[in-house]
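Encoded as structure tokens, the structure appears first; notes follow it.
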Amino acid sequence: MKAKLGMSPIAWWNDDLVELSDDVSLEECLRQSRSAGFTGMEKGRRFPDDPKVMLPILEAADVTLCGGWFSGTLVDEEMARNKDRIQPMIDLFKAVNAPCIVYGEVGRSIQGDRSKPLATKPKLSGDEMKAYGRRLTEFGEWCAEQGMPLSYHHHMAAVVETEPELDAFMRHSGEGIPLLLDAGHLAFAGGDVLRAIDNHHKRINHVHVKDVRMGVIDRLDRTRQSFLDAVALGAFTVPGDGSLDFGAIVQRFADHGYEGWFVVEAEQDPKPNPPLRMAQVGYKELMRVMSAAGYTVETQGFPA
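What follows is the structure, encoded as structure tokens:
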């Protein structure tokens, strides 16, 4: 089985917490991640939107674009508006041969609002979840018809956060909307990562290998502290530096025949957690568990 290892630039520059950002260029971010061994990088705010500008930068760094976040609002807003907003991203991702666009629901979400405690996260009724699943399926099918598949990202402080919410979303949506399984977000939400992989492996087309510091999470006052407070306190980290057993997690993906990207997305303060050093820690741990699970990790970056 083959696997590819990528990173998210959120370790270098955080879009929601500017104070958790290293003052490094896109080129330096790519250089550091590639020197650690990663062959892919997800899109961040310092990436150009013109493929003619982006491709030479990726080629020089020997890195491929392995995904990127789209802030979807289908829980509240009409389909047409989301199609209009995602179309330029589809065009860009096709031009640079990215594997998928990560759909993150921001409608009603409190993930970017530091004044909203975790306990006030939005919840959908049964009927709302059914309608939401249908809309996401239709939207995912449309994006695939345009030539770019989506990958749905369950997320802390959003409408699909907990394992029961994920199960309900998957039950009421169809194959037209594949799933991004994020180990860190599911563990933070109190879910069972291995069980979720077992239940939904047929729809998983992208993986975020985010680790968590359960000591930080367990000390949170969810009636008072927000998702961004948790991030600033160090709730997330890279594999090998946190509480999750990525040997078991990667083995479970292997058991179900998953092949594709494993992306380290670990937002934390870059001062006590220098991104290059953390990238090296994450890569070393992933290579250890990938080898044990029988994966061959691809080493080619930018396509020859």
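With the first letter of the sequence shown counted as 1, position 79 gets the number 801 in my numbering; the numbers rise by one all the way through. Just so it is clear, CB atoms sit at the ideal spot from N, CA and C, and this is done for glycine as well.
As a beta-bridge residue in DSSP terms, Tyr825 pairs with Phe792, Tyr874. In this structure, Val938 lies away from Gly962, with their beta-carbon atoms at least 8 Å apart. In the same chain as Phe760, and ignoring 5 residues on each side of it, the C-beta atoms closer than 7 Å to its own belong to Leu727, Gly728, Met729, Ala1001, Tyr1005, in chain order. In this structure, Val824 and Ser895 do not form a Cβ contact; the two beta carbons are roughly 16 Å apart against a cut-off of 8 Å. A straight-line Cα-Cα distance of about 21 Å links Glu989 and Gly794. Boundaries for Val740: no beta strand (DSSP E) harbours it, and the DSSP string shows neither H nor E there. Comparing alpha-carbon positions, the option among Asn736, Val797, His923, Phe769 lying closest to Thr786 turns out to be Phe769.
Residue nearest to His923 within the set Arg974, Val882, Met936, Asp967 is Arg974 (criterion: CA-CA distance). Relative to Thr945, the option among Ala909, Glu897, Leu840 whose CA is nearest is Leu840. Between Lys843 and Ala879, the gap from beta carbon to beta carbon is short of 8 Å. Sequence-distant partners of Glu749 (beyond 5 residues in either direction) whose C-beta falls short of 8 Å from its own C-beta, in its chain, are Ile779, Ala782, Ala783. 8 Å or more divides the Cβ of Gln833 from the Cβ of Phe984. When the beta-carbon positions are compared, Met723 and Tyr1017 come within less than 8 Å of each other. At a Cβ-Cβ threshold of 8 Å, Gly789 and Glu827 do not count as neighbours. The DSSP-derived three-state label of Thr859 is helix. Here the region 859–868 makes contact with the region 796–808; the two share three or more CB pairs at distances below 8 Å. A residue is called buried once 16 or more other Cβ atoms fall within 10 Å of its Cβ, and His930 is buried on that count. Positions of the alpha helix (DSSP H) runs, each at least 4 residues long and wholly inside the region 753–808, are given as 773–783 in order along the chain. For Leu901, the enclosing beta strand (DSSP E) has its first and last residue at 901–904. Within the same chain, and ignoring the five residues on either side of Glu885 in sequence, the residues whose Cβ sits closer than 8 Å to its Cβ are Leu908, Ala911, Gly912, Gly913, Asp914, Arg917, Ala918. Rounded to the nearest angstrom, the Cβ distance from Ser965 to Val934 is 6 Å, consistent with a contact under 8 Å. Straight-line spacing of the CA atoms in Asp940 and Gln868 works out to 43 Å.
DSSP places Lys726 in the uninterrupted beta strand (DSSP E) bounded by 724–729. A distance of 8 Å or more separates the beta carbons of Gly969 and Val1019. Using a Cβ distance threshold of 8 Å, Val797 and Gly829 count as a contacting pair. Secondary structure within the region 954–983: the alpha helix (DSSP H) runs of 4 or more consecutive residues, fully enclosed, are 968–977 (chain order). The beta carbon of Glu1007 is closer than 7 Å to those of Pro961, Gly962, Phe968 in its chain, skipping five residues each way along the sequence. Beta bridge pairing from DSSP links Val1003 with no other residue.
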